[in-house]
Every structure is written in structure tokens, then in C-alpha cells.
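Everything below concerns the one structure shown next.
Protein chains: 2
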Amino acid sequence: MPDSPIRKLVPLADKAKEKGKKVFHLNIGQPDLPTPQNAIDAIRNIDRKILEYSPSEGIKSFREKLAAYYHTFNIDVTADDIIITTGGSEAVTFAFLACLDPGDEIIVPEPAYANYTAFAILAGAVIKSIPSKIDEGFALPPVAEFEKLISPRTKGIMICNPNNPTGYLYNRSEMNQIRDLIKKYDLYLFSDEVYREFCYTGAPYISAFHLKGIEQNVVLIDSVSKRYSECGIRIGALITKNKALKKNVMKFCQARLSPPLIGQIAAEASLDNNKEYMHDIYDEYVERRKFLVDGLNRINGVYSPIPMGAFYTVARLPIDDSDKFCAWLLSDFEYENQTIFMAPATGFYTTPGYGKDEVRIAYVLKKEDLATSLKILEEALKVYPGSKVRQIAAATQE
Amino acid sequence: MPDSPIRKLVPLADKAKEKGKKVFHLNIGQPDLPTPQNAIDAIRNIDRKILEYSPSEGIKSFREKLAAYYHTFNIDVTADDIIITTGGSEAVTFAFLACLDPGDEIIVPEPAYANYTAFAILAGAVIKSIPSKIDEGFALPPVAEFEKLISPRTKGIMICNPNNPTGYLYNRSEMNQIRDLIKKYDLYLFSDEVYREFCYTGAPYISAFHLKGIEQNVVLIDSVSKRYSECGIRIGALITKNKALKKNVMKFCQARLSPPLIGQIAAEASLDNNKEYMHDIYDEYVERRKFLVDGLNRINGVYSPIPMGAFYTVARLPIDDSDKFCAWLLSDFEYENQTIFMAPATGFYTTPGYGKDEVRIAYVLKKEDLATSLKILEEALKVYPGSKVRQIAAATQE
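Residue numbers (full-length UniProt numbering), protein chains in the order written: chain A, 1 to 398; chain B, 1 to 398.
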């Protein structure tokens, strides 16, 4: 079981805070934007005497509203296809447990959300990864690379679209290539689409459920955490039109009894005002994205592709080792008594050596905080012992 | 993965309700008693703009209050020994995942909480069970039976005390025997003590943490679901003084990010008023227990031992097959347009053949509902095709 690259440095951050240092959290996708007022009101108006179990598959009225929400994205599912889970984390875990036997393999383009590996290990499954490249903007690696990895133990492909951590959004051609692979080898397509509301370029969001002919193979992963700034309520969903699979997933759901009741009430209320809420949120992220990525690319030796969706970017830094640098920022560095907490990208790759000069940065903080964070990063790179900024500067001057 | 014996008949119950039948839920430990007003108030007064992630190990102030609560039971733990989980279910799951490798074995006296098996399967572990007997009041089977099952793969013993489903409360001598086994073979002792507040006979509640010399081996499982009628908020705890184990459990906690935020707020508020709340609740269960067990034993051919704790009893019925009988009650029987939903005890045993004439009954409904339920059971046994009541009656008349 690997440590979480997002959370493993938390003790260092806690120590920095104890010393009175201000720490900007760029490491974790916890937006600073307010949760929808509808959700807060639903909680504050709760009118129950007993906080009882909900159904193992989740509250019916909530599942019905979710189905209607998916219809607005041309995702044709019913309330019966939806199983409410304790966060997207549980949805991925149950998907792997229900679909994979110990020793089975799934193929994942990387960098990828680190906890997929953790959940695969939990299911006894093996992740086979294909690195995508920062210089190609983290586009889908060639299908030939996928086919090389397919073995009799291969049971599925896992994608995240729009992508965490890269912000990449798969285009029609890439999605069709994935569809053809899924069909040809009869694999599961695990598609984590929790960032669907965050697509910034006008390019279409193509859901796995938009792909014709593989409807029975798709396992959609969703969560309200990110879109409604409701990370704490732990509400996600697993969506499948495959009845046999649903039956298996339900066994795991029944074993853990039920998803959180109050979270479901909050999430259901959030859906009532989805369009208006997302409108404001969206504009804010468009601003932050431009501000962060422009700022990063202005720093000597730093490169970030422009993310098309989600609210992360993977940036290349002029450093020896992202794990060391991120730890050093928390333990040894300060700029005007402030520092930044970033996620080393090594944790998002399983291919050894990858991510050593990359970090994941979440642009979930307001512009003012992002501005300070960029300044801190720039100053840190000037003095970090493993920094290559001086070499770059020297080379430029020659 | 087995079906949940508690929830697998839910579709039949739903159908019965759709037909307008009233169904009394004796199958599930969902108390009808009100959640503490403190908890409801804490939710209604929530004053947050963002429902954000909580720490992976749970909110510190909640863990500190929990530690103080355990001290009132002479359980000497600190906030640092406590990890908040998404219900007791997740605590058991993480305990198994962190302590057991695939193929490792744990010994469990049965009948046992059915989902232990599900969580063991999830961890790739194997449950070796020893049946306890209804005619012995479900007392701990002889230690010699445990020793027979110990192999090089045995890593732990799992107990539930007070017991779900039997209501048995282990005495000092039994707990000392368990302690000696744990010590002799250096095993983990997984001790599910979520019903500690429900001990009815004056006999002491002996926690696994009361046993001297095995402090590093104990993994305590707790949950607020049952004691505060808060099953829906999904808040439990895993408690260990073993630092290496805690580190491993934390990896799973970080992968699933955090336990539910609002549930923690409700649970923390419940602790503020624990004593007063439990006082009233306790008296109510004492009444219900006496009423139910007396009523069961008055029905021809039915036998229930008197449970010493928790709020379940396993009763022997004059029937051919508890799975068939419980399904028949929902599908085919009604008494004044009402029926009862019980959990077949077969699901609480892994030893084949056990539990076929036993059911688990939760006395979580008010006395009036229990009275109706008893009447329904009595009438059902008169007409159920697989009933042995007529044979018993005939034998008595001869």
C-alpha cells in the first residue's frame, strides 16, 4: 500500500503551521469556493428525529435527480443504473472489487489519480500504466502502447476525463480509439468523470456513456465533492447499465450498509440549483487557470501546459527531485513567513523515474493566494539546494 | 462475496410494502429511538461556508472527546490512538486490510455479524469459525476448539462483545482465556464493542483493552450508530495502541481521503450529553428485551435465551428453513395486512447446516410494535407450510 502523494506530507505542513508559518494548500483539490447555499440550507433545515440508515444504493429521490442531471449531458441513464457511494473513492473501490479478481490487470494512462493504485491493490489487482508526456500536453498515448500491455489478465482500462492531475480533456478521436479497444477485447471502461463541469476550451466533454456499442462495459465514476465544494460530505456514485455487475456491486454496498445520509440530503439539494451555481464557479476557475498557468510559465525554468479541464496542472520545475523539493518547501523554506504545499508528481506515476521534476498544483485558491504562491515558488527555486535555476541562468548568459 | 443476510430480502419487503402491507423491521439494528437532540441541533446550527475534507484520521476535538468517553469505561486510550472511520464497517475493513495478507486466517466464534465474512473476503483473508450453541446461551466455545484451528496462517481472533447477533456478554473467565490465546500465539484481537452501553444483567462489560499484557495486539472497533440511533451518519472508529499498525491503517484512511464531516459534528455533539441520553435509552431496551424474550418463549415451539446485552436475540423456531420462512413471511403471509421482516440466522454462520431453525430478531421497535410482531409470528407459525408447530402440538397431545 503506497502513501498518498497528496496527503503524505501533511505532518510536515502541520509542523510548519505550528511554527506560525502560513501554508498555501496547492496539494489537494479542496476548493475554497462556497458550497451551494441550497445544500447548507438543506442541512440547517433538517427535520428528522432519527438519523437512520438510508438504502444501500442511496436515496431514491436523489438518484432520480442525478439521472435527470446526467440527461443534461446526454448521458442516458436511469435512477436504477445509479448506486450512491461514500465519495468517488468508494465508487472506484467497489468497481475494482466487483470487476476484478486478484491478479487481474487494468491499464491506466499516467500520470493518474494516485489512489487508483491504492484501490487496485485493495482489490488485489495490478495496474499497468502507460506514461503520457508533458511535452505532448499529456494527450492519450498511442493505442498501440495500450495493445502491447493487453494480456489474458487484462480486464479493463481506467481513464479520468477531464483528467486529474493533468487537466487534459480527451477528444472524440481519442475516445473512439478507447471505445474500439474496449470492444475488441471486451474490457471494462472505468471512467472517472467527476470534473465534467470544468471544461474550459469549448471542446466537447465526451462521456464514456456517449460511446456507442460499449454501454454494458462502462462503469462511470462520479462525485459531488469537486463540483459543489462538498469534499467533506463523502458522496459519489457508481453508474452502470450492466445488471449483473450492478448485482455484484450491491453486495459490497450492503456489506457497508449505507452511504452517508446527511451528505445525500446536501447533494440532492445542490442539484436543484446546479446551473446557476456552476455558472459562477466556472468563470472563477477560468480566471484562476489563466492566472496560474501564465504565472508558472513566467518563472525561470518552469513549464506548464494549459490544462483544458478540471482544476489541476502538472508543471515541470527546474529541480532534482519533486519529493525532496515539496518536503523542503514545508520544512526548510519560508518567504515572508509563508510557504506552499504541492503534491510531488512521482506519486501519480508508477513508471519509475517519472515525475521527479514535476508537481501537481491545484488552482482551488483565490487569485490573490495564487499570486502569493507563485511568488513563493519563484523565490524558493532561487535558493533550493537542488534547484537548476542557476544553471539555466548561467547557460542563458553564455 | 455473500449476500447480506440482513439486507438480501429487502426487495421482497419493498414488494410487500408496495402492496400496502405493513412490514415490521426486526431484521436490522435500526433503532426507532430518537437521535440525541444535541446531535440534531449541531447539524441544524452548522455554521460553515464550505463542507470541506476533514483530516483522514478524523477531527481532533472529536477524537479527544471520544478518548474521554472511553476513560469512563476504564479504557486507557488517547486521541492519537483513535482513527475515525466511515461507520464500524470501515473500521473492520481497514483492520482486516492492514493486519491480514491474502490467505491469512482469523478465528471467529459464530453466529457472528455477517459482514465480518464480507470484509474478510474483501481483504482476501479466510474466516475459520467455531459454532457456539443456543442451548448453552451462545457462551464462548471451549478454548481447545480455538486451538485446534490455529495454523501458521492464523493472525487473529475476532469477537463482538456484547454480541451481535446473540446478545451474549463474555465474562471475566472467558475474556482471560481469549487473552491467554492471543498472548500465546501473538495474534491480533479484533474486538467489536459497539454495544458496550447495552449490558443488562449487572455483569461487567470487559473490554479487550482491559486485558493486561496484550495492549499492542488489540484492535478495538467502535461506532456511534447503535448507541445514539445515528446509523445513517456513518461514523465509527478503529482504536489501536500499536503505532506500526496505526501507520498502516492510515494509508487506507488517506486513500479514501476522509470520514464524513457532518456525521463527525453530530457524533461529537452526542458525546456531550452521553450519560443523560443513554440513561433513558437503556431503560427502554431493558423493557423491550424482557417483553420480546418472554413473548417469544410463550409461543409454541419457540425458544430464545435471554440476551445479556446488545439489542438482538437469536431465537430457535419450529421451522424447516429460516431462509424460506423469512422470505415466505414477506411474500406470502399477512396478518391483518401486516407482516414481519426477520434475518435468517444461516447468514450469521459459516458452518454448513447451522442456523436453519434460527432467526435474528432486533428489538429496536417500541413495545406495541413488538407485541404485534409476536402475534404475527405466532399466527405465521400456525400456517407456514414448513412449520413444525402442528407436529409439536400432536406430539404433546399423544
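Idealized CB from N, CA, C, for every residue including glycine. This structure is a prediction, so every number in the text was calculated from the model and none was measured.
Using CA coordinates, which residue listed in the options is at the minimum distance from residue i?
i, options, result
"Gln216(A)", "Ala394(A), Lys246(A) and Tyr205(A)", "Lys246(A)"
"Ile262(B)", "Cys231(B), Ile159(B), Gln37(B) and Leu51(B)", "Leu51(B)"
"Glu276(A)", "Arg227(A), Met250(A) and Arg44(A)", "Arg227(A)"
"Gly309(B)", "Gly167(B), Ile43(B) and Gly20(B)", "Gly167(B)"
"Thr154(A)", "Tyr188(A), Pro141(A), Gln177(A) and Asn171(A)", "Tyr188(A)"
"Gln254(A)", "Ser258(B), Ala114(B), Ala13(B) and Gly58(B)", "Ala114(B)"
"Val77(B)", "Tyr285(B), Ser207(B) and Asn248(B)", "Ser207(B)"
"Pro2(B)", "Tyr349(B), Asp135(B) and Leu181(B)", "Tyr349(B)"
"Asp294(B)", "Thr240(B), Ala371(B) and Arg234(B)", "Ala371(B)"
"Ser191(B)", "Asp32(B), Ser89(B), Arg63(B) and Lys19(B)", "Ser89(B)"
"Ile83(B)", "Glu64(B), Ser304(B) and Asp104(B)", "Glu64(B)"
"His279(B)", "Tyr200(B), Ala393(B), Met158(B) and Asn161(B)", "Tyr200(B)"
"Tyr195(B)", "Gly29(B), Ala393(B), Ala266(B) and Ala13(B)", "Gly29(B)"
"Ile119(B)", "Ala16(B), Lys375(B) and Ser4(B)", "Here residue 119(B) turns out to be Phe, not Ile, going by the sequence shown. Nearest C-alpha to Phe119(B): Ser4(B)."
"Ala244(A)", "Asp80(A), Gly58(A), Ile392(A) and Glu378(A)", "Asp80(A)"
"Gly347(A)", "Asn45(A), Val92(A), Leu374(A) and Ala112(A)", "Ala112(A)"
"Lys21(B)", "Pro260(B), Lys356(B) and Glu334(B)", "Glu334(B)"
"Gly236(B)", "Ser54(B), Ser225(B) and Phe198(B)", "Ser225(B)"
"Leu181(A)", "Lys366(A), Ala394(A) and Ile106(A)", "Ile106(A)"
"Asn297(B)", "Leu377(B), Lys148(B), Asp283(B) and Glu18(B)", "Leu377(B)"
"Leu220(B)", "Asn274(B), Val92(B), Ser304(B) and Ile59(B)", "Val92(B)"
"Glu287(B)", "Gly124(B), Phe311(B), Pro305(B) and Ser304(B)", "Phe311(B)"
"Arg48(A)", "Arg44(B), Lys49(B) and Arg48(B)", "Arg44(B)"
"Leu271(A)", "Ala39(A), Lys15(A) and Asn27(A)", "Ala39(A)"
"Ile157(A)", "Arg179(A), Leu169(A) and Phe138(A)", "Arg179(A)"
Which whole-angstrom value is the C-beta distance of residue i and residue j, which I expect to be below 8 Å?
i, j, result
"Ala345(A)", "Val314(A)", "6 Å"
"residue 401(B)", "Gly386(B)", "Residue coverage of chain B in this structure runs from 1 to 398, which leaves residue 401(B) outside it and unanswerable."
"Arg360(A)", "Met342(A)", "7 Å"
"Ala98(A)", "Phe209(A)", "Actually they are not in contact, since the Cβ atoms of Ala98(A) and Phe209(A) sit about 18 Å apart, beyond 8 Å."
"Gly87(A)", "Arg256(B)", "7 Å"
"Gln338(A)", "Phe62(A)", "Actually they are not in contact, since the Cβ atoms of Gln338(A) and Phe62(A) sit about 41 Å apart, beyond 8 Å."
"Ala13(B)", "Leu381(B)", "Ala13(B) to Leu381(B), Cβ: 19 Å. No contact."
"Thr35(A)", "Ser229(A)", "5 Å"
"Ile127(B)", "Pro141(B)", "That pair is no contact at about 15 Å."
"Ala125(B)", "Leu238(B)", "Not a contact, Cβ separation roughly 16 Å."
Could you name the residues of chain B that residue i contacts, counting a contact when the two beta carbons are closer than 9 Å?
i, result
"Met1(A)", "Leu97, Ala98, Asn248, Lys251, Phe252 and Ala255"
"Asn115(A)", "Gln254, Ala255, Arg256 and Leu257"
"Leu329(A)", "Under the 9 Å cutoff, chain B gives no residues; its nearest Cβ is about 20 Å from Leu329(A)."
"Ala266(A)", "Leu51 and Ile262"
Applying a beta-carbon distance threshold of less than 8 Å, which residues of chain B neighbour residue i?
i, result
"Leu87(A)", "It should be pointed out that residue 87(A) corresponds to Gly in this sequence rather than to Leu. Within chain B, the residues near Gly87(A) are Arg256 and Leu257."
"Phe119(A)", "Ala255"
"Glu230(A)", "Leu51"
"Glu110(A)", "By Cβ distance, chain B contributes nothing, its closest Cβ being about 17 Å from Glu110(A), past 8 Å."
Using the beta-carbon of each residue, which ones in chain A are nearer than 9 Å to residue i?
i, result
"Gly347(B)", "In chain order: nothing, as chain A lies at least about 11 Å away."
"Thr35(B)", "Arg48, Lys49, Ile50, Leu51 and Glu52"
"Asp80(B)", "The premise fails here: Asp80(B) is roughly 12 Å from chain A at the closest Cβ pair, so nothing lies under 9 Å."
"Glu147(B)", "In chain order: nothing, as chain A lies at least about 30 Å away."
"Glu18(B)", "Going along chain A, no residue has its Cβ under 9 Å from Glu18(B), so there is no contact; the nearest lies around 13 Å."
"Glu193(B)", "In chain order: nothing, as chain A lies at least about 18 Å away."
Can we count residue i as close to the ligand FMN, meaning its CB is less than 6 Å from some heavy atom?
i, result
"Pro259(B)", "As for the ligand FMN, it is missing from this structure, which has no ligand bound."
In chain A, which residues lie less than 7 Å from residue i when you measure between Cβ atoms?
i, result
"Ile43(B)", "Ile43, Ile46 and Ile262"
"Leu122(B)", "Leu97"
"Pro102(B)", "Pro102 and Gly124"
"Ser4(B)", "Gln254 and Ala255"
Quick one: which chain B residues come within Cβ less than 7 Å of residue i?
i, result
"Arg7(A)", "Ser56 and Gln254"
"Ile233(A)", "Leu51, Pro260, Leu261 and Ile262"
"Glu276(A)", "What Glu276(A) touches in chain B: nothing, since even the nearest Cβ is about 17 Å away."
Could you list which residues in chain A have their beta carbon closer than 8 Å to that of residue i, in chain order?
i, result
"Arg153(B)", "Here the premise fails: no neighbours, minimum Cβ distance about 16 Å."
"Asp32(B)", "Ile50"
Among all the DSSP beta bridges, which residues are the ones paired with residue i?
i, result
"Phe190(B)", "Met158(B) and Val219(B)"
"His25(B)", "Phe341(B)"
"Glu105(B)", "Val126(B) and Thr154(B)"
"Leu238(A)", "Ile83(A) and Ile221(A)"
"Ala315(B)", "Val359(B)"
- Message: In chain order, what are the residue ranges of uninterrupted alpha helix (DSSP H) at least 4 long that sit wholly in the region 107-131 of chain B?
- Response: 115-122
So within the region 241-298 of chain A, which uninterrupted alpha helix (DSSP H) runs reach at least 4 residues, ignoring any that extend past its ends?
243-255, 261-271 and 274-298
When Cβ atoms are compared, which residues of the region 155-177 of chain A fall closer than 9 Å to chain C? Going by chain labels, chain C is absent from the structure shown, which instead holds the protein chains A and B.
Whole beta strand (DSSP E) runs in the region 320-391 of chain A with 3 or more residues, listed along the chain? 338-341 and 358-362
_Within the region 28-102 of chain B, ranges of the beta strand (DSSP E) (whole runs, at least 3 residues)_ = 82-85
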